[in-house]
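Chemist: Keeping their order, the protein sequence lines are chains A and L.
Heads up, the first sequence stops at 205 in my numbering, and the numbers go up one at a time, no gaps.
Heads up, the second sequence stops at 1235 in my numbering, and the numbers go up one at a time, no gaps.
Every residue gets a Cβ at the ideal spot worked out from N, C-alpha and C, and that includes glycine.
Since we're looking at a predicted model, the values are computed, not measured.
The following block contains the structure, expressed as structure tokens.
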Amino acid sequence: MLLLRLLPAGLAFAILQVALRLTDDADLVRRLKAREPRAMNDLYDRYGRLAYSLICRIVRNTSTAEDLVQETFLRVWNRVQSFDAERGALGAWVLTVARNRAIDHLRSVDGRMEAGAIELDHLERPGLFAKLDSAALAMDRVRRLKSAFEKLTPAQRQVIELAYYEGMSQTEMAERLKQPLGTVKTWTRSALKILRDELAEAAIA
Amino acid sequence: MFELYALGALEPAEKSEIEAHLARDCDNCRRALSAALALNAGVFTLVPTLKPRGRLKRRLLTSVGVHYPGWGWVWAVGAVCLLLVAAWLGVEERSRTYELADARRALIESNSERDRLTQALQFLSDPATRPASFGRGQTAPPRGYVFLHPQMGVLLIASNLPAAGVGKTYEMWVIPKGGAPQPAGLFQSDGMRALHILSGPVDVAAIGTVAVTIEPAAGSSAPTMPIIIAAPVGS
Chain A
1 MLLLRLLPAG LAFAILQVAL RLTDDADLVR RLKAREPRAM NDLYDRYGRL AYSLICRIVR
61 NTSTAEDLVQ ETFLRVWNRV QSFDAERGAL GAWVLTVARN RAIDHLRSVD GRMEAGAIEL
121 DHLERPGLFA KLDSAALAMD RVRRLKSAFE KLTPAQRQVI ELAYYEGMSQ TEMAERLKQP
181 LGTVKTWTRS ALKILRDELA EAAIA
Chain L
1001 MFELYALGAL EPAEKSEIEA HLARDCDNCR RALSAALALN AGVFTLVPTL KPRGRLKRRL
1061 LTSVGVHYPG WGWVWAVGAV CLLLVAAWLG VEERSRTYEL ADARRALIES NSERDRLTQA
1121 LQFLSDPATR PASFGRGQTA PPRGYVFLHP QMGVLLIASN LPAAGVGKTY EMWVIPKGGA
1181 PQPAGLFQSD GMRALHILSG PVDVAAIGTV AVTIEPAAGS SAPTMPIIIA APVGS
């Protein structure tokens, strides 16, 4: 606490916020593992709206989104035993599962990438989120990311949206945008660099 | 391009390359993957926030066996309250209907009584009315007067007249001189007094006696003995 007094107020607040969130998430994971009845309620209260918003953005249908939110939380409930309560970033994991369920649904509707479901399943293993920056969803980071996203050119923003919210590979993006693959790769790389750099600055600040 | 790898959006060749790095347990690659996952999660939050319907939470909790009361109890309490209010209003309405019927009945009786008294007053104040009395000189008889009027009819005013009894009524008779008794209407006593009017023109000179008997509630066509009141009408 003495250390917090010596820090600038903004930074102290951010550290406290992250610490509280971490404690909360770690405790929530422990209660989920213990199958406490209120734990699922709290998990949904904490991440339900975010997951629903993300899935709605991807599938653009509220009824399907509700089914996929349910699938997301059931998947988290069933796999939480292998999640690291102390070091894992619960919110990032839940959102990744939500996004992958929605993309999986889109792909099954479009009939593209049949093997993609296995690949996405592999990319949401609880173990992957064990050493994640646990402040991934901290308010300050999200605010910076939003501001960086607004700095992207329309083309950069478009490729990011196609990759994140439509699950397209760069080849598919090039076909959709009727642009050379090299151009699409350049847009994607530069867009990700802008976002990455913004987060790196946030970490230093 | 770890971000695209984590999104499952890399081409097979690029994906294999990254997986080969990760398989070597390279710390840099692992850190890069963690950073990419964190960045991706951040981008996932940039979508417009929407509020899911309440039933989604209920559905989800039910699917993992958690009882979720939700707001169903509010509806149940509301329904019970509405039922109680409806029942109370029903009782009130019924009670008010009864009160209204009683008041209407009392008003009708009161109007009828007023009409009878008005009629009796007209009877008494008209110079053509001829009086006759009855019950004088007896120990505890009904006493009173009979008034006859050629156009208005016959007015009977009696006191000391007990109630007729359950299922019984008083019936007035007009007995012409040398003729059979004619029914002249049914009436009740309040236990002490009675007032009865036979409305309509009568031949006063032809009437010998006005009498009263106790009859069954529906009345009789001929008097049942004994005669309770007998008022001889003088010529």
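#1: Going along the chain, which residues of the stretch 164-195 of chain A sit with their C-beta nearer than 8 Å to a C-beta in chain L?
#2: Let me check understanding here. Comparing Cα to Cα, which of A:Asp197, A:Gly182, A:Arg38 and A:Met173 lies closest to Leu1061 of chain L?
#3: Using only the alpha-carbon positions, how far apart do Leu22 of chain A and Asn78 of chain A sit?
#4: CB-CB under 8 Å to Ala1132 of chain L, same chain, minus the five flanking residues each way: which ones, in chain order?
#5: Could one say the Cβ of Leu1083 of chain L lies closer than 7 Å to chain A's Cβ atoms, at least one of them?
#6: May I ask you to list, following chain order, the residues of the stretch 56-87 of chain A that have a beta carbon less than 7 Å from some beta carbon of chain L?
#7: Do Ala130 of chain A and Asp84 of chain A have their CB atoms nearer than 7 Å?
#8: Count the CB pairs spanning the stretch 69-77 of chain A and the stretch 1010-1024 of chain L that are closer than 8 Å, and state whether there are at least three.
#9: Which residues in chain A have a C-beta closer than 7 Å to the C-beta of Leu1010 of chain L? List them in chain order.
#10: Could you tell me whether the stretch 1187-1206 of chain L touches the stretch 1214-1231 of chain L, using the rule of 3 or more Cβ pairs below 8 Å?
#11: Please go through the same chain and pick out, in chain order, the residues whose beta-carbon is closer than 6 Å to the beta-carbon of Ser147 of chain A, but skip the five residues on each side of it.
#12: Taking all protein chains shown into account, decide if Val1202 of chain L is buried (16 or more other Cβ within 10 angstroms of its Cβ) or exposed.
#13: Please work out which residues of its chain come closer than 6 Å, Cβ to Cβ, to Lys1051 of chain L, disregarding the five sequence neighbours upstream and downstream, and give them in chain order.
#14: Quick one: what's got a C-beta closer than 7 Å to His1196 of chain L's C-beta in the same chain, skipping five residues either side?
#15: Roughly how many angstroms lie between the CA atoms of Arg1024 of chain L and Leu1037 of chain L, to the nearest whole one?
#16: Taking Cβ-Cβ distances shorter than 9 Å, what residues in chain L pair up with Glu201 of chain A?
#17: Please list the terminal residues of the continuous beta strand (DSSP E) segment that includes Ala1006 of chain L.
#18: Please report the straight-line C-alpha distance between Leu1084 of chain L and Arg1114 of chain L, rounded to a whole angstrom.
#19: Which residues of chain L have a Cβ atom closer than 7 Å to the Cβ of Arg99 of chain A, listed in chain order?
#20: Give the range of the alpha helix (DSSP H) segment to which Val1204 of chain L is assigned.
#21: Curious, which full-length alpha helix (DSSP H) runs of at least 4 residues does the stretch 1057-1088 of chain L contain?
#22: Under 7 Å, Cβ to Cβ, is there at least one residue of chain L near Ala155 of chain A?
#23: Between the stretch 48-63 of chain A and the stretch 97-104 of chain A, do three or more beta carbon pairs fall short of 8 Å?
#24: Find the residues of chain A that neighbour Thr1049 of chain L, judging by a C-beta separation of less than 7 Å, and give them in chain order.
#25: Among A:Lys193, A:Leu195 and A:Gln170, which residue has its Cα nearest to the Cα of Thr183 of chain A?
Modeler: Answer, in terms of the structure:
#1: Within the stretch 164-195 of chain A, the residues whose Cβ lies closer than 8 Å to some Cβ of chain L are Tyr164, Tyr165, Gly167, Met168, Ser169, Gln170, Thr171, Thr188, Arg189, Leu192 and Leu195, listed in chain order.
#2: Taking the first residue of the second sequence as position 1, residue 1061 of chain L is located at position 61. Ranked by Cα distance from Leu1061 of chain L, the options A:Asp197, A:Gly182, A:Arg38 and A:Met173 are led by A:Arg38.
#3: In the first sequence, the residue the question calls residue 22 of chain A occupies position 22. In the first sequence, the residue the question calls residue 78 of chain A occupies position 78. Note that Leu22 of chain A has pLDDT 49, beneath the 50 cutoff, so the model's placement of it is unreliable and no number is given.
#4: In the second sequence, residue 1132 of chain L corresponds to position 132, counting from 1. Taken in chain order, the residues that qualify are Tyr1145, Val1146, Phe1147, Leu1148, Val1210, Ala1231, Pro1232, Val1233 and Gly1234.
#5: Numbered from 1 along the second sequence, position 83 holds the residue referred to as residue 1083 of chain L. It does not; no Cβ of chain A falls within 7 Å.
#6: Cys56, Arg57, Glu66, Val69, Gln70, Phe73, Leu74 and Trp77
#7: As a working mapping, residue 130 of chain A is identified with position 130 in the first sequence. As a working mapping, residue 84 of chain A is identified with position 84 in the first sequence. Contact flag set, yes.
#8: no
#9: For the purposes of this step, residue 1010 of chain L is taken as residue 10 along the second sequence, with counting starting at 1. Near Leu1010 of chain L (Cβ distances below 7 Å), the residues of chain A are Ser169.
#10: A contact is defined here as three or more CB-CB pairs under 8 Å, and the stretch 1187-1206 of chain L fails this definition with respect to the stretch 1214-1231 of chain L.
#11: As a first step, residue 147 of chain A is located in the first sequence; it is residue number 147 there, counting from the start. The answer is none, since no qualifying residue turns up.
#12: Mapped onto the second sequence, residue 1202 of chain L falls at position 202. Label assigned to Val1202 of chain L: buried.
#13: Working through the second sequence from its first residue, we reach residue 1051 of chain L at position 51. Once the five neighbours on either side are set aside, Lys1051 of chain L has no close Cβ partner at all.
#14: In the second sequence, counting from the first residue as 1, residue 1196 of chain L sits at position 196. Once the five neighbours on either side are set aside, the close Cβ partners of His1196 of chain L are Leu1156, Met1172, Gly1185 and Phe1187.
#15: Start at 1 with the first residue of the second sequence, and residue 1024 of chain L comes out as number 24. Start at 1 with the first residue of the second sequence, and residue 1037 of chain L comes out as number 37. Their backbone Cα atoms lie some 19 Å apart in a straight line.
#16: Taking the first sequence and counting its residues from 1, the one referred to as residue 201 of chain A is at position 201. What Glu201 of chain A touches in chain L: nothing, since even the nearest Cβ is about 13 Å away.
#17: Locating residue 1006 of chain L in the second sequence gives position 6, counting from the first residue. Per DSSP, Ala1006 of chain L belongs to no beta strand (DSSP E); it is in the alpha helix (DSSP H), Phe1002 to Leu1007.
#18: As a position in the second sequence, residue 1084 of chain L is number 84, starting the count at 1. As a position in the second sequence, residue 1114 of chain L is number 114, starting the count at 1. Using only the alpha carbons, I get a separation of about 44 Å.
#19: Here residue 99 of chain A corresponds to residue number 99 of the first sequence, with the count starting at 1. Those are Phe1044, listed as they occur along chain L.
#20: Taking the first residue of the second sequence as 1, we reach residue 1204 of chain L at position 204. Premise fails: Val1204 of chain L is in no alpha helix (DSSP H) and is neither H nor E.
#21: none
#22: As a first step, residue 155 of chain A must be located in the first sequence, where it is residue number 155. Closer than 7 Å: no.
#23: yes
#24: Here the question's residue 1049 of chain L lines up with position 49 in the second sequence. Simply Arg49 and Ser53.
#25: Within the first sequence, numbered from 1, the residue matching residue 183 of chain A stands at position 183. If we check each option's Cα against that of Thr183 of chain A, A:Gln170 comes out closest.
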